[in-house]
Structure formats: C-alpha cells, structure tokens
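Chains as they are written, first to last, in this note's numbering: chain A, 1 to 204; chain B, 205 to 408. Using N, Cα and C, we set each Cβ at its ideal position, and we do this for glycine too. Bear in mind that the values here come from a model prediction, so they are computed numbers and not experimental data. Input: a single structure, listed below in structure tokens.
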DNA sequence: GGTTATATTGATCAAGTGATCAATAACCAT
DNA sequence: ATGGTTATTGATCACTTGATCAATATAACC
C-alpha cells in the first residue's frame, strides 16, 4: 500500500536516526538496508530513494557521528580559568577520558568505521582527518605548556606532546571498548600522573 | 580431479599461511573460505575439512598471529648488558615501538581482531590475555627500576609503571595503524623521555 | 592388483546482501 | 473531479557468503 506520508525531508532524518539506532544496538555490520528500513518503519526501497546506496547512508551516518560525538578538547574557554598550563592539559585529557564510558556505543561505532575504512577510501579519509583534527586540538595546550618553561621541557615539541596526549585518550578508548567493566577513569588518570612524575635522570 | 597430495599436516599450515596472506593483503574482512582456498590453490571445501568453520580458521590465525608477532619486551638477555634500570626500561619500550611501523600489517590485523572481539567472546578472551601478558612482561623491568631507589619512586608501584609502559606502546600502535604516515618513532620516544623528565608539580 | 582409507573436489543449498523497478497510493493544483 | 506529480511499496534479480556432501582420485597396505 504505497503512498506518501511525510513528504518533507523528515524521512531522510528518520532513516538516518533509524540507522544510528540499529548501529548503536547491533553495530555497523547490522546496518543493512532492510534492517534500517524495518527500524524506521518503511520499506527497503525507500532507503535507496533517499540515499543512493548503503555506502552513502553509512557515510552520512559517519558525518553525523563525527559532528555529534568526537568533541575533542572542545570549548577551551572552560579551561581558561586554570592558570597552570600543566594542570590545564591534564584537565583537558581528563574531560575527554570521562566522556568515553558515557559514549561507549559511539566509540565502538567509530572503531567499526575504521575497519570498514579498509574497503572504503572515503571513510578512511574522513576518519584520518577526524583524528588529525583531534590531535591538533591539543596543540595550543601543548604549546603553552612547552613555552611556559622551555628549559624544563627541552627536547619536547608541542606536536609530540599533543600526539602523546591524543594517543593516551585513544588508548583509553580502546580499553573502554574492549573491557568496559574494568575501565576506571581515576585509575587511568592516576597512571598518567605517575608517568609524568618519574624523575629525569633515571629514565634518560 | 580429487586426490591427495600432501597427506600430512602440511595442508593445514598451507591454508593458515594462505589465510594470513589474504589478511595481510586485504585485512580480515576479506578472509572468506573461497578467498583463502584460492590463495592456497585448493578447493573451498578443503578449508572446512581442516577447519570446522571460518570462525575456527580465524581463531587459529589469531593464535598464530599472537605467537609470531607480539613479542613484547622479549629476550631480556638482550637488555642485560645495560646496567641502569631506567635506561633498560626505555630501551625495551623503544625496541617495541620501533617494531610497530615494520610490522604494520600485523598490527592492523591485531586491531581488526580487536574489533571483531567485541562480538566474539573467544577472540576477546584471547586478546585480553595477550595484552595482560604483554603488560606483565614489563613488570620485571619496572620492579627493578622501583627497587633501585625506593625513596625516589615512592608511591609508584611496579604494576602501575608496567601498565604505563604497555599503554604507551599501545598508544603508538594505534597511531601507526590509524595514520602511518604521520607517526614518528623518534618524536614519540623524545616526548616520552621529556615527559618523564618533567617535574611532578607542573602536571599534577 | 585389488582393497581400503582418506584427502580432495566441485556442485549445490540456504540465507542474506545491495540494488532495481514497475506498480500504486497519496497529495496538490487546477 | 481529474490529472499529474511524487513518495512509497514489495517483488525481484544477481551476487556473495558459509556450509554440506556425494563422488572420486590418490596413496598405502597386503
């Protein structure tokens, strides 16, 4: 019994939301045209009417995911009230790490997309640039820290520090995905703090 | 034209090698019964004769991968000529990090398995224990370091330090996989060295 | 050389996939 | 109303996948 019901672009959004619902519940592999259609309460054909292909749907879902999830050391204003550059950096990292367990589903999806990127150059490109953006978001903080006492942080570049900071958060993301029950924000942060507390001479 | 040619277990290994070849070239998603069979130059049915299912093949491939790849602070004898515990630790880390770009294909595969493990309990278990083993491999070095000057490393446990070391290497692994072109061993190591050189107060 | 055991094949099945498309119902303008 | 436009359907095709299995070629044994 065909017929139109919501002629506007509500349908696009509805289908996209359905795709996310399916993905969040059963992961990317379960996002098939039929599954999304069923979730949205429409026929399978309609998915191809609004999105040229399933690939197209997945790409748009990734865009949505990147826009609404990986916030990355956002709103630096929220950190400006902290004077010490080192503490600022730590807090920025902590904030992102705290998000991970909350957004576990989305983090999982993100890794799914990375795997999917193997066969889909467009997706690979999007993910890489998202990660690059994430890493670069730490650079101002890193530079402030390095500049605050060049003698002390000799040999460390802002790029390198930002890279390690991003790597730390990403490592936590992996743990969250793999073993959510055992992941502990406080322990991870304490471990990070312990790393930077080790004296120089002994590890040079 | 059926018939036996290599009645021993050569065939098992040949098929496993073929599976690895396919996986290394086109990643885990491309490891289908037919693709592996074609790579090995046998029929598809034979894959199921030696391995009950594709899942079984994948699990054995993971075993092979773990046994032949993640060497993890191996051969401590190679480090014994270095007296200072801190330098030993750093060299162990450096050695593993240097391996990452070289073995990029395998590291990628490992992360593919990681993602797959999210849905596959058996694989998840194997990966977890492999990572635990990896972390524990750093413990002797960490303990030696802590014991060398208890006053200095007050509050830091060998477990915590080993965890930090493993986490750092894993973070580098992630970068290698996600954005190989931008990863730089020297920069990462320099940053690590500088980090442990930073005084506690500034990053607490 | 005949017999038996087994490794190997290739055809085949069922399930699931992305994608296409004619048919059709709902809406809008006239 | 009436016709035209468009969103929507569901059947359908081609293809890939994991898996099964009877048939069979080869080797080993006596």
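Since residue i is in the alpha helix (DSSP H), which residue starts that stretch and which ends it?
i: residue 253 of chain B; result: 248–254
i: residue 351 of chain B; result: 343–352
i: residue 39 of chain A; result: 33–40
i: residue 167 of chain A; result: 158–178
i: residue 61 of chain A; result: 54–68
i: residue 321 of chain B; result: 308–321
i: residue 220 of chain B; result: 214–230
Determine the chain B residues that contact residue i at a beta-carbon separation under 9 Å, and present them in chain order.
i: residue 189 of chain A; result: None at all; the shortest Cβ gap to chain B is about 11 Å.
How big is the Cα-Cα spacing for residue i and residue j?
i: residue 379 of chain B; j: residue 224 of chain B; result: 23 Å
i: residue 220 of chain B; j: residue 265 of chain B; result: 6 Å
i: residue 66 of chain A; j: residue 135 of chain A; result: 14 Å
i: residue 368 of chain B; j: residue 110 of chain A; result: 24 Å
i: residue 397 of chain B; j: residue 161 of chain A; result: 11 Å
i: residue 147 of chain B; j: residue 374 of chain B; result: With chain B covering only 205 through 408, there is no way to say anything about residue 147 of chain B.
i: residue 146 of chain A; j: residue 217 of chain B; result: 53 Å
i: residue 321 of chain B; j: residue 382 of chain B; result: 19 Å
i: residue 87 of chain A; j: residue 154 of chain A; result: 19 Å
i: residue 345 of chain B; j: residue 273 of chain B; result: 21 Å
i: residue 308 of chain B; j: residue 125 of chain A; result: 18 Å
i: residue 399 of chain B; j: residue 156 of chain A; result: 8 Å
i: residue 33 of chain A; j: residue 51 of chain A; result: 10 Å
i: residue 47 of chain A; j: residue 93 of chain A; result: 39 Å
i: residue 230 of chain B; j: residue 150 of chain A; result: 46 Å
i: residue 128 of chain A; j: residue 384 of chain B; result: 10 Å
i: residue 106 of chain A; j: residue 96 of chain A; result: 14 Å
i: residue 148 of chain A; j: residue 80 of chain A; result: 15 Å
i: residue 277 of chain B; j: residue 295 of chain B; result: With a pLDDT of 48 at residue 277 of chain B, under the threshold of 50, the modelled position of that residue is not reliable, and no figure is offered here.
i: residue 239 of chain B; j: residue 302 of chain B; result: 32 Å
i: residue 130 of chain A; j: residue 114 of chain A; result: 11 Å
i: residue 232 of chain B; j: residue 261 of chain B; result: 11 Å
Within the 7 Å Cβ cut-off, does residue i reach chain B?
i: residue 118 of chain A; result: yes
i: residue 170 of chain A; result: yes
i: residue 110 of chain A; result: no
i: residue 113 of chain A; result: no
i: residue 203 of chain A; result: Here residue 203 of chain A scores only 42 on pLDDT, less than 50, and its place in the model is too uncertain to base an answer on.
What residues from chain B crowd round residue i, counting only those whose CB sits closer than 7 Å?
i: residue 161 of chain A; result: 395
Chain A beta carbons: is any one of them nearer than 7 Å to that of residue i?
i: residue 398 of chain B; result: yes
i: residue 380 of chain B; result: no
i: residue 389 of chain B; result: no
i: residue 240 of chain B; result: no
Looking at chain A, which residues of the region 324–354 of chain B have a Cβ within less than 9 Å of any of its Cβ atoms? 328, 331, 332, 335, 349, 352, 353
Using Cβ-Cβ distances below 9 Å, what residues of the region 41–73 of chain A are close to chain B? none
Which residues, taken in chain order from the region 227–238 of chain B, show a beta carbon closer than 7 Å to some beta carbon of chain A? Those residues of the region 227–238 of chain B that come within reach of chain A (Cβ to Cβ, closer than 7 Å) are 231, 233.
With 8 Å as the limit, tell me which residues of the region 299–312 of chain B have their beta carbon closer than that to any beta carbon of chain A; keep them in chain order. none
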